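Start counting the sequence shown at 470; every next residue gets the next number (my numbering).
For every residue, glycine included, the Cβ atom is placed at its ideal position computed from N, Cα and C.
Please read all numbers here as calculations on a predicted model, not as lab measurements.
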Amino acid sequence: MRIKFLVLSFVLCVLPFRFVFGQPISSEALIKNALEYDGKTVVYEGEIIGDIMKRGPYAWINVKEGKSAIGIWIHRSLLQDVVYTGSYKSRGDTVEVTGIFHRACPEHGGDLDIHAKALSVTSRGRTVTESINLDKRKMAIILLGALCLVWILSLFIRK
């Protein structure tokens with residue numbers, strides 16, 4: 470009787486939490502199985518890249534996960550915590566977006582997109598400082614010197 474009680478208690482305590490948290494889905498899986506996810510609520514996680522394109526009270530953002538990025542249609546108020554967007558000079562904030570996936574959105578000309586209902590920043594982006602590769606710099610100086618030497622020699626040969 471005690472074992473049945475423990476098993477039942479465990480099941481009742483753990484089972485409800487199994488379905489509470491949605492696992493983020495990859496962009497590859499969304500694109501590959503677009504028909505299956507069409508019109509369903511999905512959780513998508515990735516780095517915000519490019520500019521935030523404001524359109525009235527809404528905005529377009531691109532969220533990159535893996536090799537692909539997906540356009541997200543989102544209310545501008547949900548973007549207040551976003552600080553960095555990915556570019557050559559910065560790494561964008563990593564966000565988790567929950568929203569309705571559209572394989573061919575009728576509102577946006579048939580594009581594949583997600584209409585966001587919630588957005589949370591999971592990790593902050595940062596500015597990226599590029600360091601100069603000293604070996605490449607030395608090689609460029611050597612090649613420039615060799616080019617100048619060839620040019621000077623060609624001037625002497627012509628005369």
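First through last residue of the alpha helix (DSSP H) which encompasses Lys-586: Your numbering for residue 586 matches position 117 in the sequence shown. Careful: Lys-586 lies outside any alpha helix (DSSP H), inside the beta strand (DSSP E) at 580–592.
How big is the Cα-Cα spacing for Phe-570 and Glu-599? Taking the sequence shown and counting its residues from 1, the one referred to as residue 570 is at position 101. Taking the sequence shown and counting its residues from 1, the one referred to as residue 599 is at position 130. Cα to Cα, Phe-570 sits roughly 37 Å from Glu-599.
Could you tell me the alpha carbon to alpha carbon distance between Ile-611 and Asp-604, rounded to whole angstroms? Start at 1 with the first residue of the sequence shown, and residue 611 comes out as number 142. Start at 1 with the first residue of the sequence shown, and residue 604 comes out as number 135. Spanning the two alpha carbons is a distance of roughly 11 Å.
Would you list the residues sitting across from Asn-531 in a DSSP beta bridge? Start at 1 with the first residue of the sequence shown, and residue 531 comes out as number 62. Paired residues: Ile-518 and Gly-540.
Would you mind working out which of Arg-471, Pro-526, Gly-508 and Val-551 sits nearest Glu-565, comparing C-alpha positions? To locate residue 565, count along the sequence shown from 1; it is residue 96. Answer by Cα proximity: Val-551.
Give me the DSSP bridge partner(s) of Tyr-513. The residue labelled residue 513 in the question sits at position 44 within the sequence shown. The partner list for Tyr-513 (beta bridge, DSSP) reads Val-566.
Starting from the C-beta of Ser-592, find all residues in its chain whose C-beta is less than 8 Å away, skip the five residues before and the five after it, and write them out in chain order. Position 123 of the sequence shown, counted from the start, is the residue given in the question as residue 592. Result list for Ser-592: Asp-562 and Thr-563, in chain order.
Extent of the continuous alpha helix (DSSP H) to which Leu-616 belongs: Against the sequence shown, residue 616 aligns to sequence position 147. Its alpha helix (DSSP H) spans residues 603–627.
Ile-500 - containing alpha helix (DSSP H), residue span: Within the sequence shown, numbered from 1, the residue matching residue 500 stands at position 31. Its alpha helix (DSSP H) spans residues 496–501.
Does the region 510–523 come close enough to the region 533–551 that 3 or more CB-CB pairs lie under 8 Å? Three or more beta-carbon pairs drawn from the region 533–551 and the region 510–523 are found closer than 8 Å, and the two stretches are therefore classed as touching.
Can you list, in chain order, the residues of its chain whose CB lies under 7 Å from that of Ile-494, leaving out five sequence neighbours each side? Residue 494 sits at position 25 when you count from the first residue of the sequence shown. Once the five neighbours on either side are set aside, the close Cβ partners of Ile-494 are Val-511, Val-512 and Tyr-513.
Would you mind working out which of Asn-602, Gly-525 and Ile-530 sits nearest Leu-588, comparing C-alpha positions? Looking up residue 588 in the sequence shown gives position 119. Comparing Cα-Cα distances from Leu-588 to each of Asn-602, Gly-525 and Ile-530, the minimum goes to Ile-530.
Applying the criterion that 16 or more other CB atoms from any shown protein chain within 10 Å of the CB defines a buried residue, is Ala-609 buried or exposed? Start at 1 with the first residue of the sequence shown, and residue 609 comes out as number 140. Under this definition Ala-609 is an exposed residue.
Is the shortest distance between the beta-carbon of Ile-530 and the beta-carbons of chain C less than 8 Å? Absent from the structure is chain C; it holds one protein chain and no more.
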